[in-house]
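*Asks:* Sequential numbering from 2 applies to the sequence shown in our numbering. Below you will find the structure I want to go over with you.
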Amino acid sequence: MSSRTPLIAGNWKMHKTGFQAVEAASQLKRLVEDAADVQVMLAPAFSALFQVAQALKGSNVAVGAQNLHWEKQGAFTGEVSSEMLVEAGCTHVIIGHSERRLFFGETDASVNRKIQAALSAGLIPVFCIGETEAQREAGETFSVLDKQVRDGLKDFVFDDLSGIVVAYEPVWAIGTGKTASREQAQEAHQFIRSLLDTLFGKPFASAVRILYGGSVKPDNVRALMEMPDVDGALVGGASLDPETFSKLVFFNN
Ligand code: 13P
């Protein structure tokens, strides 16, 4: 396991209404109140952010959004700005999730602008990258990750990026029950960290947290977390039930 403080983050995707989200978040808050040496973050849908943030006030569970727009305001129907997220109580924002890339036309260039917007507003970006199954089978995993990292973080310098979290989520492992083996996860994380070292230097690369995402469950989390470059998890399905999610938070017990 790494010396970086692990982050266990739940991405609720398009699940739970406001009431359902508050109920689950309040339950999680009680379940993880004694968690030590680990950070916890929940990313509910936009419509539930404010209520969930209120319910989690004063707890050790942070709130994140699942997306944002890069502009501060304007005629962008259906979009939400960084300032709106901050006011709703967010400290984190997931950016570039593969579902946004796949279904909503997110590109490395838009990801780059969104990271910039998040950082300017003091939000911690959780920057998602990962290859598809076809890309892995074609032996393109590292070149895909290389491009996503270089283009997503283009024109940033080390100082800008402090606090940013990277999430490696192989697309073939998301919601499929097919987890990457811990060796596959470690290999990808090590590649990403060494690329970050090349781009931004060692102090940044050794401090940045790289989460693994893709079918993380209570029965595989510990093995993944034991790998030296795995600093946490970004969890979809297994984050929806507070009991199950709390088992991930206590991965070390
Ligand atoms: P699952 O944990 O459901 O595979 O989803 C992973 C994910 O996409 C988290 O962002």
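No residue lacks a Cβ here, since even glycine has one placed at the ideal position from N, Cα and C. Keep in mind the model is a prediction, meaning the values are calculated, not measured.
Does the distance between the C-beta of Ala66 and the nearest non-hydrogen atom of the ligand GTP fall short of 8 Å?
*Replies:* This structure does not include the ligand GTP; its bound ligands are the ligand 13P.
*Asks:* In terms of residues, what are the limits of the beta strand (DSSP E) holding Phe47?
*Replies:* From DSSP, Phe47 is part of no beta strand (DSSP E); its letter is neither H nor E.
*Asks:* In chain order, what residues place their C-beta within less than 6 Å of a heavy atom belonging to the ligand 13P?
*Replies:* Taking each Cβ in turn, the ones that pass are Asn12, His98, Glu170, Ile175, Gly176, Gly214, Gly215, Ser216, Val217, Leu235, Val236, Gly237, Gly238, Ala239.
*Asks:* Residues in the same chain with beta-carbon distance under 8 Å from Ala54, minus the five sequence neighbours each way, listed in chain order, please.
*Replies:* Closer than 8 Å at Cβ, skipping near neighbours: Val64, Ala89, Gly90, Cys91.
*Asks:* May I ask you to report which of helix, strand or coil DSSP gives Gln185?
*Replies:* The answer is helix: DSSP assigns Gln185 an H, G or I state.
*Asks:* Name, in chain order, the residues that DSSP records as bridge partners for Pro229.
*Replies:* Partner(s): none; Pro229 has no beta bridge.
*Asks:* State the start and end residues of the unbroken beta strand (DSSP E) segment that holds Ala122.
*Replies:* Ala122 -> no beta strand (DSSP E), and no H or E assigned at all.
*Asks:* For a test of the three-state rule: what should DSSP assign to Arg31, helix, strand or coil?
*Replies:* In the structure shown, Arg31 sits in a helix (DSSP, three-state: H, G or I).
*Asks:* Can you pull the DSSP bridge partners for Ala56?
*Replies:* Ala56 is not bridged to any residue.
*Asks:* Our contact map puts Trp173 next to Arg137 with C-beta atoms below 8 Å; I'd like the distance itself, whole angstroms only.
*Replies:* That pair is a contact at about 6 Å.
*Asks:* Please report how far the alpha carbon of Glu134 lies from the alpha carbon of Tyr213, in whole angstroms.
*Replies:* Distance between the alpha carbons of Glu134 and Tyr213: 16 Å.
*Asks:* Note down the Cα distance separating Ser60 from Leu69, rounded to an integer number of angstroms.
*Replies:* Going from the Cα of Ser60 to the Cα of Leu69 covers about 24 Å.
*Asks:* Name, in chain order, the residues that DSSP records as bridge partners for Val150.
*Replies:* Answer is none; Val150 lacks a bridge partner.
*Asks:* My understanding is that Ile125 touches His93, with C-beta atoms under 8 Å, so please give their C-beta distance in whole angstroms.
*Replies:* 5 Å between Cβ atoms; contact.
*Asks:* I think Gly237 touches Lys14, with their Cβ atoms under 8 Å apart; what is that distance to the nearest whole Å?
*Replies:* 6 Å between Cβ atoms; contact.
*Asks:* What is the C-beta distance between Gln28 and Leu8, in whole angstroms, given that I count them as a contact (C-beta under 8 Å)?
*Replies:* Contact doesn't hold; Cβ gap of about 20 Å is too wide.
*Asks:* Taking 6 Å as the limit between beta carbons, can you name the residues of its chain near Val87, skipping five residues before and five after?
*Replies:* Correct list, in chain order: Ala122.
*Asks:* Decide yes or no for the touch test of the region 110-122 against the region 137-146: beta carbon pairs closer than 8 Å, at least 3 of them.
*Replies:* Touching, no.
*Asks:* Classify Leu103 as helix, strand or coil using the three-state DSSP reduction.
*Replies:* If DSSP states are grouped into helix, strand and coil, Leu103 belongs with the helices.
*Asks:* According to DSSP, Asn12 sits in a beta bridge with which residue or residues?
*Replies:* Bridge partners of Asn12: Ala44.
*Asks:* Expressed to the nearest angstrom, what Euclidean distance is found between the alpha-carbon atoms of Pro243 and Phe252?
*Replies:* Straight-line Cα distance between these residues: approximately 14 Å.
*Asks:* Mind checking Lys256: buried by the 16 CB within 10 Å criterion, or exposed?
*Replies:* The structure shown has nothing for residue 256, since the chain only spans 2 to 254.
*Asks:* So His190 and Asp230 are in contact, right, with Cβ under 8 Å, and what is the actual spacing, rounded?
*Replies:* Between Asp230 and His190 the Cβ distance is about 4 Å, and since that is below 8 Å, they are a contact.
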